[in-house]
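In terms of my numbering, the sequence shown opens at residue 1 and continues consecutively.
Beneath this line is the structure, given in structure tokens, with notes to follow.
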Amino acid sequence: MTYTVTVIGATGNIGRALSERLLKNGVNVRAVGRGKDGLSPLVQLGAEARIGSIDNMAFVSDALRGADAAFLMIPPHYGAPDMRADQRHLGASLIEGVKKSRIQRVVSLSSLGSELASGTGPILGLREFENAVRGVPGLISVILRPTYFMENHLGSIGMIKQAGINGSAMRPDTRLPMVATRDIAGVALEYLSVPTFTTNMMRDILGPRDYTMLEATAILGAAIGRTSLPYVQFSEDDFKRGLESAGFSADVARNFYELNNAFNMGWMQKSALRTPANTTVTTLEQFAREVFAPAFQKV
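Here's what the structure looks like:
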């Protein structure tokens with residue numbers, strides 16, 4: 001029997017990896033994205049492109065209608081003047097699309113810490129979306145709560161090239177779990193490759209182990225031949241200015257500082273207990289060799 005799965009955000013790190021694996025498993029994929037060029041590699045693999053914006057509820061509804069299941073996520077808009085309003089608007093469009101299409105099963109991307117009601121920056125928007133998904137009558141949903149993405153380190157490449165340092169607003173000794181996005185896609189695949197799951201559930205995804213930012217910097221540095229790469233903790237003002245100079249809005253920068261502070265305070269890490277079920281395989285060392293170093297060389 002052939003299944004059809006709609007993948008929202010199919011050109012992102014998680015959506016692309018998920019779509020590729022679903023196609024390899026013989027699943028029909030409706031790949032949703034904003035542009036033809038970004039979707040063309042998936043089309044070449046056999047996906048059906050659905051080109052449009054998820055802020056259009058009618059488009060979302062059409063992309064979901066008739067599918068056996070869907071992967072839902074709110075794409076980040078780093079230039080949004082009001083991050084929470086943008087998340088709320090996109091989330092409402094997705095939820096209305098789910099209701100109109102009458103799709104029965106979804107796997108939704110949320111985040112570690114989404115049970116916290118304050119102090120987590122962008123995660124608060126995912127908390128609202130998670131609750132909205134759970135509130136759709138008759139919908140069977142799997143909520144994924146991954147931790148800090150290893151791919152976030154790719155944003156430091158320019159800093160390393162230009163200033164010779166790695167840095168963020170997190171303390172150098174803050175320990176936090178880190179996960180490769182391909183492993184998040186792998187967990188989503190467990191449910192969507194044969195979309196017949198019948199139980200609502202939430203699943204944390206915590207990566208292989210916890211790392212400090214000092215450890216992470218040493219691992220990344222070793223992979224690019226910079227074994228003495230220093231890590232610098234930025235002040236709130238410097239952190240925000242750095243993000244804004246990279247094109248982030250002031251409100252988005254403020255939210256991401258709040259998220260960094262939530263890790264520093266230990267709030268995010270305390271929300272999930274590590275178990276074999278939420279521990280994934282890709283180590284930061286492997287990510288550094290296979291993803292970070294090649295990306296560093298291309299810049």
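Ideal placement from N, C-alpha and C gives every residue a C-beta, glycine not left out.
Please read these numbers as outputs of a predicted model, since none were measured by experiment.
Nearest by alpha-carbon distance to A92: which of G135, A250, Q297 is it? In the sequence shown, residue 92 corresponds to position 92, counting from 1. Minimum Cα distance to A92 is reached at G135.
Can you look up P76 in the DSSP assignment and give me helix, strand or coil? Along the sequence shown, read from residue 1 onward, the residue named residue 76 stands at position 76. Coil at P76, not helix or strand.
Assigned secondary structure, M170 (DSSP; H/G/I helix, E/B strand, else coil): Looking up residue 170 in the sequence shown gives position 170. Here M170 sits in coil by DSSP.
Cutting at 6 Å between CB atoms, please list the residues of its own chain near K38, excluding the five before and the five after it. On the sequence shown, position 38 is the one that residue 38 refers to. Checking the displayed sequence, the identity of residue 38 turns out to be Gly instead of Lys. If we look at G38 and ignore the five residues flanking it on each side, its Cβ neighbours are T11.
Using CA atoms only, rank isn't needed, just tell me which of M265, S168, G113, E128 is closest to S271. Within the sequence shown, the letter at position 271 stands for residue 271. Nearest of M265, S168, G113, E128 to S271, Cα basis: G113.
CB contact flag (S111, R84, <8 Å): Position 111 of the sequence shown, counted from the start, is the residue given in the question as residue 111. Position 84 of the sequence shown, counted from the start, is the residue given in the question as residue 84. No, the Cβ-Cβ distance between S111 and R84 is not below 8 Å.
Under the three-state DSSP convention, the category Y148 falls into: Working through the sequence shown from its first residue, we reach residue 148 at position 148. It is a strand residue.
Out of V60, A188, S53, which one is the CA nearest neighbour of R21? As a position in the sequence shown, residue 21 is number 21, starting the count at 1. The candidate whose alpha carbon is nearest that of R21 is A188.
Three or more C-beta pairs below 8 Å linking the region 254-261 and the region 236-246: yes
Using a threshold of 8 Å, state whether the C-beta atoms of G155 and Q233 are closer than that. Reading the sequence shown from its first residue, position 155 is the one you call residue 155. Reading the sequence shown from its first residue, position 233 is the one you call residue 233. No, the Cβ-Cβ distance between G155 and Q233 is not below 8 Å.
Are the CB atoms of L45 and L23 within a distance shorter than 8 Å? If you number the sequence shown from 1, residue 23 lands on position 23. If you number the sequence shown from 1, residue 45 lands on position 45. Their beta carbons are under 8 Å apart, which means L23 touches L45 by this criterion.
Could you tell me which whole beta strand (DSSP E) segments of length 3 or greater appear in the region 67-123? 69-72, 105-109
Span of the beta strand (DSSP E) around R203: In the sequence shown, the residue the question calls residue 203 occupies position 203. First-last of the beta strand (DSSP E) with R203: 201-205.
Rounded separation between G52 and K36 - CA only: For this step, residue 52 is matched to residue 52 along the sequence shown. For this step, residue 36 is matched to residue 36 along the sequence shown. Computed Cα separation, rounded: 9 Å.
Pair within 8 Å by beta-carbon distance, A47 and P195: On the sequence shown, position 47 is the one that residue 47 refers to. On the sequence shown, position 195 is the one that residue 195 refers to. Cβ distance not < 8 Å, so A47 and P195 don't count as in contact.
Whole angstroms is fine: what's the gap from P75's alpha carbon to G9's? Translated into positions along the sequence shown, residue 75 becomes position 75. Translated into positions along the sequence shown, residue 9 becomes position 9. Cα-Cα distance, rounded: 7 Å.
Pick helix, strand or coil for L176, following the three-state DSSP scheme. To locate residue 176, count along the sequence shown from 1; it is residue 176. DSSP places L176 in strand when its eight states are reduced to three.
From D173, R203, R30, pick the residue whose C-alpha is nearest to that of G186; which is it? Taking the sequence shown and counting its residues from 1, the one referred to as residue 186 is at position 186. Of the listed residues, the one whose Cα sits closest to G186 is R203.
4-residue-minimum alpha helix (DSSP H) runs that sit fully inside the region 204-288, ordered along the chain: 213-223, 236-245, 250-265, 284-287
From Q87, S61, D62, G66, residue whose alpha carbon lies closest to that of M73: Within the sequence shown, the letter at position 73 stands for residue 73. Ranking the options by Cα distance to M73, first place goes to Q87.
Nearest-angstrom Cα separation, counted from Y191 out to L139: Your numbering for residue 139 matches position 139 in the sequence shown. Your numbering for residue 191 matches position 191 in the sequence shown. So the two alpha carbons sit approximately 15 Å from each other.
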